[in-house]
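Chains as they are written, first to last, in this note's numbering: chain A, 75 to 569; chain B, -12 to 255.
And the structure:
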């Protein structure tokens, strides 16, 4: 066990038999730990892989990393620890290590070629299928009617009732993890900012933290504050957009129209910092690239207050309208138990009463955050996910304003520290609360200080199964609303 | 109900009368590059080409040549050039009719009135006037990271109000006059994109939005396809390119209008 902000030697990671690794994952997850990452590193010259499990205890802020090698096959842990289900499918797909007894071992991102050189599309996989005279199947995607990313959804319906929804992704697979370990260092950060374009700050923060933790770099206070401002602005913009989209799919058009505009106001605040509405090119390993002088801080505060007033008013009229609340309440429920079993994260988890927020569980710096709170609701329905977002808007706006005030009264100082070359044979973990939920990056360096492995776990990776469960026994017409209330990333999942 | 009316009055009228009024964009926004065409012989370090994350910059005998179709507008080259020969202006109107026209070798042209759609760079491949009255586009995200998609979608909101130009996003390619494509086109989206293209009735236009769709951008070295729209669709099918990672929404609007806009049809 070790403190999450330090890097450890790869060689010091306990190398245990696969049975012990299995047992630890199951025991720890039953005792309130979270499975942050579980992945394989192919071993040279061996037919198999080194499996690495990263477990975290949010209460004590400690991590446990275990490994086992070389593994060719092992008894799956999914039946005893369901939150491992997609990790195990990924390990099978990437490394060929067979989790024996996995209940649904199917492709995550691509189907293997049948040997004729033509790789089938990701949707050409097996699906859970219900037979019966009055049962029908609805297939949607990869290209959807709206301007969104591609994915394939298959509903098993009895009348209008959805008995099961199976979500097959992979269309966005760009080989990000492989690219990170092969591209020259200066080309990696722009790539990381494109893992999920709406979480550019979140992923860039995680990548920069990995580099800083591996090299033992402390970043300047100004940079810590600017990074938090950017991360909270990203949360404000995306929560605003999601609340507007929930209004849109409820048929409450005023909030839908206004929030579409106000989202842009928040994005434009980020643009004032770095020129990009999505925060591209703001962070760099060691700190940030752009500073904000007192005049800019004060003008941002003014615009932030205006935008916050507008979104508060816009969301309030929606949440005061009985017909909207009637539509949201009880729709798309995920039980607390299911959420815990699946290891849901972020807004979706907090809406089920799970008290998890990486800003408190795994803080990035020693900055105090008196104005932020872990916002939870108990019901796990669309209304709960809406309310969590609405409450987080208040917190993020207040904290960002306080941070901007502090910045404007601080003396000017460095905004980036020098970063030495990566050390050989180390592992570091970065955990960042993006606006969807916790982002986990794991960096493992090789003997030359390059990347032996770089693992990315987007919050959407945990949460897509939550959306599928939310649709159980709902009307198929509830799908758009449920989908918006999760608003998960396709490319963050597909990498 | 009264609260909704009161809030409606507070939210006000927000649509900008683009292109007659030009938007205010962040001073830190990196727009159309401007290059001083002089020999780089005295500079042997070539820090600019070495620091470019996507290989967008080449040194020719006439000086630097910057390919906007690969550029991320990250300003790395601007910062390292000892003679300040590469500068990013504030001009958001970046669209081009041809791939070659995206390669910038000289100073940014001046003299476009602020209240006009900048004619896109280069010459149109064909007569586009057929599409100038009403335009229905099918958006296809083919590996896009959701930044371009978000900024394409945002054009439907109050500020931009794409509908007032007679332009809409259609739900099906069969109802569309053309495709607006974002993302580097992953191997897993290749067939779906080809299907969408074939389902779009001829004559059809294609607008490639974002550096990824033009060249693959940060994903160009991937083993999962990702070489841009023209690596999959027939050669020469792209009518307008809008560079940027992601392009500003005003740049995208300008790009779409460079196909679909005639002053005579503007309603204000």
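Even glycine gets a Cβ: it sits at the ideal position worked out from N, Cα and C.
I need the DSSP call for residue i, collapsed to helix, strand or coil.
i                     : result
residue 572 (chain A) : Residue 572 (chain A) lies beyond the residue range present for chain A, which begins at 75 and ends at 569; the question has no answer from this structure.
residue -5 (chain B)  : helix
residue 72 (chain B)  : coil
residue 211 (chain A) : strand
residue 395 (chain A) : coil
residue 253 (chain B) : Its pLDDT being 47, under 50, residue 253 (chain B) is placed unreliably in this model, and the value from its coordinates should be taken loosely. Looking at residue 253 (chain B) - three-state DSSP - the assignment turns out to be coil, as it is neither helix nor strand.
residue 546 (chain A) : coil
residue 270 (chain A) : coil
residue 195 (chain A) : coil
residue 12 (chain B)  : coil
residue 230 (chain A) : strand
residue 221 (chain A) : coil
residue 390 (chain A) : helix
residue 501 (chain A) : strand
residue 278 (chain B) : Outside the displayed span of chain B (-12 to 255) sits residue 278 (chain B), for which this structure offers no information.
residue 89 (chain A)  : strand
residue 134 (chain B) : helix
residue 19 (chain B)  : coil
Have a look at the options and flag the residue whose alpha-carbon is nearest the alpha-carbon of residue i.
i                     : options                       : result
residue 432 (chain A) : A:125, A:95, A:114 and A:131  : A:131
residue 153 (chain A) : A:135, A:164 and A:174        : A:174
residue 108 (chain A) : A:99, A:115 and A:116         : A:99
residue 489 (chain A) : A:126, A:299 and A:211        : A:299
residue 78 (chain B)  : B:63, B:207 and B:96          : B:96
residue 500 (chain A) : A:284, A:401, A:458 and A:301 : A:284
residue 125 (chain A) : A:342, A:518, A:479 and A:541 : A:518
residue 506 (chain A) : A:558, A:302, A:102 and A:553 : A:302
residue 133 (chain B) : B:221, B:170 and B:202        : B:170
residue 53 (chain B)  : B:69, B:75 and B:70           : B:75
residue 157 (chain B) : B:235, B:84 and B:125         : B:125
residue 472 (chain A) : A:542, A:213 and A:379        : A:379
residue 364 (chain A) : A:377, A:372, A:375 and A:345 : A:345
residue 508 (chain A) : A:311, A:179, A:556 and A:476 : A:311
For residue i, which residues in chain B fall below 9 Å Cβ to Cβ?
i                     : result
residue 151 (chain A) : Within 9 Å Cβ-Cβ: nothing; residue 151 (chain A) doesn't reach chain B, min ~28 Å.
residue 214 (chain A) : Chain B residues near residue 214 (chain A): none, gap ~12 Å exceeds 9 Å.
residue 260 (chain A) : 37, 38, 39, 40 and 63
residue 172 (chain A) : Going along chain B, no residue has its Cβ under 9 Å from residue 172 (chain A), so there is no contact; the nearest lies around 23 Å.
residue 238 (chain A) : Correct list: empty, because the minimum Cβ distance to chain B is about 24 Å.
residue 345 (chain A) : 12, 13, 15, 16 and 235
residue 537 (chain A) : Neighbours of residue 537 (chain A) on chain B: none; closest Cβ ~15 Å, over 9 Å.
Starting from residue i, find everything on chain B with Cβ-Cβ shorter than 8 Å and list it in chain order.
i                     : result
residue 447 (chain A) : In chain order: nothing, as chain B lies at least about 26 Å away.
residue 388 (chain A) : -6 and -2
residue 331 (chain A) : 144 and 145
Would you kindly report the start and end of the unbroken alpha helix (DSSP H) that includes residue i?
i                     : result
residue 156 (chain B) : Taken as a continuous stretch (DSSP letters only), residue 156 (chain B) belongs to no alpha helix (DSSP H), being part of the beta strand (DSSP E) at 154 to 156.
residue 236 (chain B) : 236 to 247
residue 279 (chain A) : 274 to 289
residue 558 (chain A) : 553 to 560
residue 93 (chain A)  : 92 to 104
residue 159 (chain A) : 159 to 169
residue 473 (chain A) : 456 to 483
residue 410 (chain A) : 410 to 416
residue 254 (chain A) : 250 to 256
Given that residue i touches chain B, what residues does it touch there, using C-beta distances under 7 Å?
i                     : result
residue 246 (chain A) : 130 and 173
residue 217 (chain A) : 127, 179 and 183
Find the residues of chain A that neighbour residue i, judging by a C-beta separation of less than 8 Å, and give them in chain order.
i                     : result
residue 229 (chain B) : Going along chain A, no residue has its Cβ under 8 Å from residue 229 (chain B), so there is no contact; the nearest lies around 15 Å.
residue 141 (chain B) : 334, 337 and 338
residue 239 (chain B) : The contacting residues do not exist; residue 239 (chain B) stays about 12 Å from chain A at best.
Using a cut-off of 7 Å between C-beta atoms, extract the partners of residue i located in chain A.
i                     : result
residue 133 (chain B) : 223, 270, 271, 272, 563 and 565
residue 114 (chain B) : Ordered by position in chain A, no residue passes the 7 Å Cβ test against residue 114 (chain B), which lies about 28 Å from the chain.
residue 209 (chain B) : 248, 249 and 253
Identify the continuous beta strand (DSSP E) that holds residue i and give its terminal residues.
i                     : result
residue 130 (chain A) : 123 to 131
residue 235 (chain A) : 235 to 242
residue 125 (chain B) : 122 to 128
residue 113 (chain A) : 108 to 116
residue 145 (chain A) : 136 to 145
residue 172 (chain A) : 172 to 174
**OP:** Taking only runs that begin and end inside the stretch 507 to 543 of chain A, name each unbroken beta strand (DSSP E) of 3 or more residues, in chain order.
**Re:** 512 to 519 and 525 to 531
Subject >> Residue ranges of each alpha helix (DSSP H) within the stretch 324 to 381 of chain A, 4 or longer >> reply: The stretch 324 to 381 of chain A contains these whole alpha helix (DSSP H) runs: 327 to 348.
Subject >> In chain order, each beta strand (DSSP E) run of at least 3 residues that lies wholly inside the stretch 32 to 98 of chain B >> reply: 44 to 47, 50 to 54 and 73 to 75
Subject >> alpha helix (DSSP H) segments (min. 4 residues) lying fully within the stretch 162 to 241 of chain B >> reply: 177 to 186 and 198 to 202
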